[in-house]
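In the numbering used here, the protein residues as written are 2 to 163.
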């Protein structure tokens with residue numbers, strides 16, 4: 002009986018892990034109301050999708066660090082895509098924050114969290130996924146602390162050299 006329970010628990014976690022590793026195309030509005038489709042961005046190269054919220058301090062730190070990484074690699078096909086998961090009440094703060102920080106990467110709005118859930122997002126933010134140009138999810142990151150950008154940069158470089 003213990004063995005059967007262990008197998009069922011293992012299958013549950015494996016299924017959750019595999020779901021997080023499955024590409025799911027989407028179209029969301031950016032902060033200016035323009036629709037952006039993930040698959041069209043992937044035509045140029047790898048995309049890092051980072052789900053974030055306006056109340057999340059580690060999310061804001063990640064975006065500050067990743068803005069420089071985006072600027073460095075965007076001409077080589079890399080896109081950093083910040084997908085905000087604030088609800089309709091707090092989403093009004095998003096555009097003013099992004100503008101005040103002079104972020105140059107695209108910022109999309111997922112107020113119903115449908116894309117976040119499609120990529121198995123949980124409660125911990127930021128939740129980031131790096132997808133290669135062939136639509137394979139290559140790296141997943143939960144949370145962010147200063148210094149993480151170095152590892153993320155290495156991951157991006159490894160995808161750009163292929």
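Here a beta-carbon is modelled for each residue, glycine too, at the ideal position from N, C-alpha and C.
Given the structure is predicted, the values throughout are model-derived calculations rather than measurements.
Each of 99, 46, 59, 70 was checked against the Cα of residue 146, and the nearest Cα belongs to 59. Under the DSSP definition of a beta bridge, residue 52 partners with 84, 128. Residue 107 sits away from residue 26, with the two beta carbons spaced by 7 Å or more. Each residue's CA atom was taken as its position, placing residue 95 and residue 55 some 7 Å apart. Its Cα nearest to that of residue 65, the residue 99 stands out among 99, 79, 77, 85. Per DSSP, reduced to three states, the secondary structure at residue 92 is coil, with no helix or strand assignment.
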